[in-house]
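Only one structure is covered here, and it is reproduced in the block below.
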Amino acid sequence: MKIELVTLPYASNALEPVISRQTIEFHHGKHLQTYVNNLNNLIQGTKFENAPLETIVKESEGAVFNNAGQVLNHNLYFTQFSPNGGDEPSGKLAAAINAEWGSLAGFQKEFEAAGVSLFGSGWVWLASDASGKLSITKEANAGNPVTKGLKPLLGFDVWEHSYYLDYQNRRADHLKALWAIVNWKVVESRY
Ligand SMILES: [Fe+2]
233 MKIELVTLPY
243 ASNALEPVIS
253 RQTIEFHHGK
263 HLQTYVNNLN
273 NLIQGTKFEN
283 APLETIVKES
293 EGAVFNNAGQ
303 VLNHNLYFTQ
313 FSPNGGDEPS
323 GKLAAAINAE
333 WGSLAGFQKE
343 FEAAGVSLFG
353 SGWVWLASDA
363 SGKLSITKEA
373 NAGNPVTKGL
383 KPLLGFDVWE
393 HSYYLDYQNR
403 RADHLKALWA
413 IVNWKVVESR
423 Y
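Sequential numbering from 233 applies to the sequence shown in this note's numbering.
This is how it looks when you write it as structure tokens:
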């Protein structure tokens, strides 16, 4: 089963000014495409050749893990945004966020702080355990909460390739701006 490049559910300029067309085109069309190509080359003729992406991430290591993790991470990342985002979570996800952090604003503050304090490249995730309890996890490089038995709901990419063209070194400003394009309906559907 060939791993495919995920289709963006919006035009490449639709997330401006939060994420520029140029950043989307490099990030999706170059960086993610490279991870997809590398992964397809690496798994050819191996036990992972026909495995689902999440299985590869859970069971691999080294270069296969790095590329599979980055494909899974970016598939979740690119599909969680919308030019009409920035609303608020509802239903049981909203209740679980309030139970854990007191309010959406309380969660966002802690999530941004986790992303800012992650040293080097990686990801910050909102994740859920099997009982529905939420947590924020910091993952270095290609990490994803699925390797800890958690379900990833929302992920912010803190690799410089995700923000450097638009924000240079201002990672904190970038993370704060992303809330305006989060599609909470998609995040809720993952919960
Ligand atoms: Fe990225």
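Glycine included, every Cβ here is placed at the ideal spot set by N, Cα and C.
The DSSP assignment places complete alpha helix (DSSP H) segments of no fewer than 4 residues inside the stretch 237-322 at 253-258, 265-275, 285-291, 294-310, in order along the chain.
In this structure, the CA atom of Leu350 is about 15 Å from the CA atom of Pro377. Residues Ala372, Asn373, Val390, Trp391, Glu392 of the same chain have their beta carbon placed closer than 8 Å to that of Ser353, with the five preceding and five following residues left out of the count. With 16 or more other Cβ atoms inside 10 Å of its own Cβ, Gly301 counts as buried. Three or more Cβ pairs drawn from the stretch 313-320 and the stretch 236-253 lie within less than 8 Å of each other, which places the two stretches in contact. Three or more beta-carbon pairs separated by less than 8 Å are not found between the stretch 265-272 and the stretch 329-349, which leaves the two stretches without contact. Following the DSSP letters along the chain, one finds Asp389 inside the beta strand (DSSP E) bounded by residues 383-389.
If you draw a straight line from the Cα of Trp411 to the Cα of Leu397, it comes to about 19 Å. Between Thr379 and Val303, the gap from beta carbon to beta carbon reaches 8 Å or more. Ranked by Cα distance from Asn415, the options Gln400, Ala404, Leu386, Arg402 are led by Leu386. Near ligand 1, residues with a Cβ at less than 6 Å from any of the ligand's heavy atoms are His259, His263, His306, Asp389, Trp391, His393, Ser394; the list follows chain order. If you check the CB distance, Gly347 and Leu407 come in under 8 Å.
Note on Ala359: 16 or more other CB atoms within 10 angstroms of its CB, so buried under the neighbour-count rule. The secondary-structure analysis by DSSP pairs Leu358 across a beta bridge with Ile368, Leu386.
Taking C-alpha positions only, Gln276 is separated from Asn305 by approximately 21 Å. Your pair His263 and Leu240 does not check out as a contact, with CB atoms roughly 13 Å apart and the cut at 8 Å.
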